[in-house]
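A.B. asks: I am attaching a structure below and will ask some questions about it afterwards.
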Amino acid sequence: MVITGISASPGVAIGKAFVYGNHKEVVIEKTKIDSVEKEIKKLEDAISKSREELSALREDTLKNLGEEKAQIFDAHLLLLDDPEIKKQVCSMITNDMVNSAYALDTVTKTFVSIFEAMDDAYMKERVADIKDVYSRVTRHILGIESVDLSRVDNGAIIVAHDLTPSETATLNKDAVLGFITNIGGKTSHSAIMARTMEVPAIVGLGNITEVVKNDDLLVFDGEQGQVYINPDQSILDEFQKIKTEQENRKQELSKFKGVESVTLDNHSVKLGGNIGHLKDMDSFEANDAEAVGLYRTEFLFMDKSQMPSEQEQYEIYSSIVKRLDNKECIFRTLDIGGDKNLDYLDIGHEENPFLGYRAIRICLDDKELFKAQLRAMLRTSTQGNIGIMFPMISSVNELLEAKSILEQAKQELIAQGISVGTYKVGMMIEIPSAAIMSDILANHVDFFSIGTNDLTQYTCAVDRMNEKVAHLYDPFNPGLLRLINMVAKNGLAKGVEVAMCGSMAHDPLLVPLFVGMGLTELSMSPMHVLTTRKLVRGLNFNECKKHVEKVLELGTSEQVKEYLKTV
Ligand code: PEP
Ligand code: MG
1099 MVITGISASP GVAIGKAFVY GNHKEVVIEK TKIDSVEKEI KKLEDAISKS
1149 REELSALRED TLKNLGEEKA QIFDAHLLLL DDPEIKKQVC SMITNDMVNS
1199 AYALDTVTKT FVSIFEAMDD AYMKERVADI KDVYSRVTRH ILGIESVDLS
1249 RVDNGAIIVA HDLTPSETAT LNKDAVLGFI TNIGGKTSHS AIMARTMEVP
1299 AIVGLGNITE VVKNDDLLVF DGEQGQVYIN PDQSILDEFQ KIKTEQENRK
1349 QELSKFKGVE SVTLDNHSVK LGGNIGHLKD MDSFEANDAE AVGLYRTEFL
1399 FMDKSQMPSE QEQYEIYSSI VKRLDNKECI FRTLDIGGDK NLDYLDIGHE
1449 ENPFLGYRAI RICLDDKELF KAQLRAMLRT STQGNIGIMF PMISSVNELL
1499 EAKSILEQAK QELIAQGISV GTYKVGMMIE IPSAAIMSDI LANHVDFFSI
1549 GTNDLTQYTC AVDRMNEKVA HLYDPFNPGL LRLINMVAKN GLAKGVEVAM
1599 CGSMAHDPLL VPLFVGMGLT ELSMSPMHVL TTRKLVRGLN FNECKKHVEK
1649 VLELGTSEQV KEYLKTV
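Put into structure tokens, the structure is as follows:
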């Protein structure tokens, strides 16, 4: 059987299915017991198995992802030994003669509702931890194996409804061959993460979690977007061949490491890498990216179970800047909301989250949160070459307000005797009103970075997450290309650097156009840097400029695509 979805991250994966998410619903029944001792022993055994599991997870996380992520499990271990919860569960087992799973469920639900009613961010965060820890204990009492994505067997392909960016981050990329999901689009954040981690993926497959069973043999190429379930030998052979070809191509591309990204007529374009985590620096270095054109700092917040302090942020930002060894790092301030949420920051339910309370809108409201992040970034400015970039700016006023808070943060640091170095200030152009006002916005920044993932969805009115309208999410839409060209012209005319950091930046058909528009930097998932460098080195800048003129006269995306295929 073949099912078609949306290609999210290239590469062939051949392996056994691991269906994730079917394990979540645990039914807990109330039963009468004969022996209180036996039931309490069951509870204690489950707690000690959970303790072993959490300690092992802590160790693994420390080794693979660092101290900061490992601390989540310290908090879980502390909760597991909470004397009050255990006391209440034991007394319910003893007094009501009920099973331990039921007693535990009842007691933890009471704690959860008390904490939830407190309307305090710290307590809300404890709720998520309590649920997490005690559902682990419950699964042990009931003998249900718990699912932990970081410990999935070697050679598995994860099949899920969706994977949050944090779930994606916990995948062990050496063990997991790829993942496929029911929902999502090319630029949903799980797809972006898959590309950064170089894990093949297809998203938007509809009901793949219902069609595929555990251990089915799956074969897919993330570039083509089709999943074969239990295919015959001829299909397997065909994909094995594609896999070998891809590996050879990757090998061949390594000769483009360490060479300049320059056209035949000597026009340079910086090829940056987009990162979301410190560990993405491995792929950044392996693919010889020239700068971090976009550091999506919100992933650091999403990995945590509570708001990271200024110091915690500073330590991570600083490790990235130091590792870059004077290559530029563009820090994007918190871009939360849309499909990126924080369990511990309640922004309420929204009908249209991508049009709602998101990114700079949240930061301008919560100045303390914003300033703490800006201070952490500013503190790294003495250690390397940094830029600070605001996401989702829709007006000149928003930009000026964000800049004024940045200035306040700087002055506060200086008043405290903390030195601040030089840094660039820039903004994302990802909302049409900002693109249209880019001539005036250019007076207030050092650089623009065009976020085509959002600019496409807002210009074409197409939700980037919705697979039903994915065919309308069209990077070749001539209206979108005119808007991008307008931003390039307006920015360059004022001496502002104009970069692009959305996923269009590595599209092989569009790169000649962006080079011709004069974009100064194309920043992409590091895995695409070498292919793009090879492409740029075969282009002629003056010819690219002529292609821009021709393309901007075309009326349909089909015509644009046809034209660009001839370039
Ligand atoms: C974009 O919108 O193009 C972008 C780079 O930001 P994000 O994908 O994180 O929204
Ligand atoms: Mg965006």
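FYI, in my numbering the residues of the sequence shown are 1099 to 1665.
All residues carry an ideal CB built from backbone N, CA and C; glycine is no exception.
1. Using a Cβ distance threshold of 8 Å, determine whether the region 1550-1569 contacts the region 1504-1524, with at least three qualifying pairs required.
2. Which of the three DSSP states, helix, strand or coil, is assigned to I1548?
3. Can you tell me whether P1329 is buried or exposed? The criterion is at least 16 other CB atoms within 10 Å of its CB, across all chains shown.
4. Kindly identify the DSSP beta-bridge partner or partners of K1522.
5. State buried or exposed for H1121, treating a residue as buried only when at least 16 other CB atoms are found within 10 Å of its CB.
6. Just the Cα atoms here: how many angstroms apart are I1306 and L1202?
7. Cβ-heavy atom distance between G1374 and ligand 2 below 7 Å?
8. So who's on the other strand from E1426, going by DSSP bridges?
9. Quick one: measure Cβ to Cβ for M1379 and R1430, integer angstroms, because I've assumed they're closer than 8 Å.
10. Does DSSP put H1121 in a helix, a strand or coil?
11. Suppose the cutoff is 7 Å on Cβ atoms and the five residues either side in sequence are ignored; what does the same chain contact list for N1280 look like?
12. Return the bridge partner residues of E1619 from the DSSP annotation.
13. For the alpha helix (DSSP H) containing A1603, name the first residue and the last one.
14. Let me know the secondary structure DSSP gives Y1232 once reduced to three states.
15. Between the Cα of G1524 and the Cα atoms of G1454, Q1514 and C1599, which residue gives the shortest distance?
16. Output the boundary residues of the beta strand (DSSP E) element that contains Q1322.
17. Given that a residue counts as buried once 16 or more other Cβ atoms are within 10 Å of its Cβ, and exposed if not, what is P1610?
18. Taking all protein chains shown into account, do 16 or more other C-beta atoms lie within 10 angstroms of the C-beta of L1498, making it buried, or fewer, making it exposed?
19. Between E1296, D1314 and I1239, which lies nearest to A1273 when the distance is taken from Cα to Cα?
20. Grab me the residues of T1102's own chain with a C-beta within less than 7 Å of its C-beta, minus the 5 sequence neighbours each way, in chain order.
21. Near S1352, what residues of its chain come up, given a Cβ to Cβ distance below 8 Å and the 5 sequence neighbours on each side ignored?
22. Just checking N1551 against ligand 1 - is the residue's beta carbon closer than 7 Å to any of the ligand's heavy atoms?
23. Can L1598 be considered in contact with ligand 2, in the sense that its beta carbon sits closer than 7 Å to one or more heavy atoms?
24. Counting only runs of 4+ residues fully inside the region 1268-1354, write out the alpha helix (DSSP H) ranges in chain order.
25. Just list the residues that DSSP pairs S1105 with in beta bridges.
26. Which value, in whole angstroms, describes the spacing of the CA atoms of L1443 and D1335?
27. Output needed for I1300: all residues of its chain with C-beta closer than 7 Å, excluding positions within five of it in sequence on either side, in chain order.
28. Thinking C-alpha only, which one of L1141, L1176 and D1314 is nearest L1240?
29. Sort E1165, L1422 and F1612 by Cα distance to G1482 and report the nearest one.
30. Looking at the structure shown, is F1574 part of a helix, part of a strand, or coil, going by DSSP?
31. I believe S1417 touches T1294 by the beta-carbon criterion, under 8 Å. Please report the beta-carbon distance rounded to the nearest angstrom.
32. Can you pull the DSSP bridge partners for G1113?
33. Using a threshold of 8 Å, state whether the C-beta atoms of F1354 and R1149 are closer than that.
34. Go ahead and label A1154 buried or exposed: buried means 16 or more other beta carbons lie within 10 angstroms of its beta carbon, across all protein chains shown.
35. Given the structure, does I1428 come close to ligand 1, in the sense that its CB is under 7 Å from one of the ligand's heavy atoms?
C.D. replies: The short version:
1. no
2. Position 450 of the sequence shown, counted from the first residue, corresponds to residue 1548. It is a strand residue.
3. The sequence position of residue 1329 within the sequence shown is 231, counting from 1. The residue in question, P1329, is buried, as its Cβ has 16 or more Cβ neighbours within 10 Å.
4. To locate residue 1522, count along the sequence shown from 1; it is residue 424. Answer is G1485, bridged to K1522.
5. Reading the sequence shown from its first residue, position 23 is the one you call residue 1121. Any reading at H1121 must be qualified, since the residue scores a pLDDT of 43, below 50, and its modelled position is unreliable; no value is offered.
6. Indexing the sequence shown from 1 puts residue 1306 at position 208. Indexing the sequence shown from 1 puts residue 1202 at position 104. Each residue's alpha carbon lies about 34 Å from the other.
7. As a first step, residue 1374 must be located in the sequence shown, where it is residue number 276. Checking every heavy atom of ligand 2 against the Cβ of G1374, none is found closer than 7 Å.
8. Start at 1 with the first residue of the sequence shown, and residue 1426 comes out as number 328. Answer by DSSP bridge pairing, in chain order: N1483.
9. Translated into the one-based positions of the sequence shown, residue 1379 becomes position 281. Translated into the one-based positions of the sequence shown, residue 1430 becomes position 332. Not really, about 16 Å apart at Cβ, beyond 8 Å.
10. The residue you call residue 1121 lines up with position 23 of the sequence shown. For H1121, the predicted structure reports a pLDDT of 43, less than 50, and the residue's modelled location is therefore unreliable. A value from the coordinates is still provided. Here H1121 sits in coil by DSSP.
11. In the sequence shown, the residue the question calls residue 1280 occupies position 182. Once the five neighbours on either side are set aside, the close Cβ partners of N1280 are H1259, D1260, L1303, G1304, N1305, I1306 and T1307.
12. The sequence position of residue 1619 within the sequence shown is 521, counting from 1. Note: E1619 sits in a beta bridge opposite K1368 and A1597.
13. Residue numbering aside, residue 1603 sits at position 505 when the sequence shown is read from its first letter. From DSSP, A1603 is part of no alpha helix (DSSP H); its letter is neither H nor E.
14. For the purposes of this step, residue 1232 is identified with residue 134 of the sequence shown, where counting begins at 1. The answer is helix: DSSP assigns Y1232 an H, G or I state.
15. As a working note, residue 1524 is residue 426 in the sequence shown. Among G1454, Q1514 and C1599, the Cα nearest to that of G1524 belongs to C1599.
16. As a working mapping, residue 1322 is identified with position 224 in the sequence shown. From DSSP, Q1322 is part of no beta strand (DSSP E); its letter is neither H nor E.
17. The residue given as residue 1610 occupies position 512 in the sequence shown. P1610 comes out buried.
18. Numbered from its first residue, the sequence shown carries residue 1498 at position 400. When all chains shown are included, L1498 counts as exposed.
19. Taking the sequence shown and counting its residues from 1, the one referred to as residue 1273 is at position 175. It is E1296 whose Cα lies nearest to the Cα of A1273.
20. On the sequence shown, position 4 is the one that residue 1102 refers to. Excluding sequence neighbours, T1102 sits near G1323 and Q1324.
21. As a position in the sequence shown, residue 1352 is number 254, starting the count at 1. L1628.
22. To locate residue 1551, count along the sequence shown from 1; it is residue 453. Within the cutoff, so yes.
23. The count along the sequence shown starts at 1 and reaches residue 1598 at position 500. Note that residue 1598 is Met in the sequence shown here, rather than Leu. The answer is no for M1598.
24. 1287-1295, 1306-1309 and 1331-1351
25. Translated into positions along the sequence shown, residue 1105 becomes position 7. Per DSSP, I1300.
26. Within the sequence shown, residue 1443 is the residue found at index 345, counting from 1. Within the sequence shown, residue 1335 is the residue found at index 237, counting from 1. Their Cα atoms are separated by approximately 49 Å.
27. Residue 1300 sits at position 202 when you count from the first residue of the sequence shown. The residues are G1103, I1104, S1105, A1106, I1278, F1318, G1320, G1323 and V1325.
28. Taking the first residue of the sequence shown as position 1, residue 1240 is located at position 142. Among L1141, L1176 and D1314, the Cα nearest to that of L1240 is on L1141.
29. Your numbering for residue 1482 matches position 384 in the sequence shown. Selected option, being the one with the closest Cα: L1422.
30. Taking the sequence shown and counting its residues from 1, the one referred to as residue 1574 is at position 476. Of the three classes helix, strand and coil, the one that applies to F1574 here is coil, per DSSP.
31. The sequence position of residue 1417 within the sequence shown is 319, counting from 1. The sequence position of residue 1294 within the sequence shown is 196, counting from 1. Not quite, the Cβ-Cβ distance comes to about 17 Å (not below 8 Å), so this is no contact.
32. As a position in the sequence shown, residue 1113 is number 15, starting the count at 1. The partner list for G1113 (beta bridge, DSSP) reads L1316.
33. Here residue 1354 refers to the residue found at position 256 when the sequence shown is read from its first residue. Here residue 1149 refers to the residue found at position 51 when the sequence shown is read from its first residue. Result no, Cβ atoms of F1354 and R1149 do not sit closer than 8 Å.
34. Counted from its first residue, the sequence shown places residue 1154 at position 56. Burial call: exposed.
35. Sequence index remark: in the sequence shown, residue 1428 carries index 330 (1-based). No - ligand 1 has no heavy atom lying nearer than 7 Å to the Cβ of I1428.
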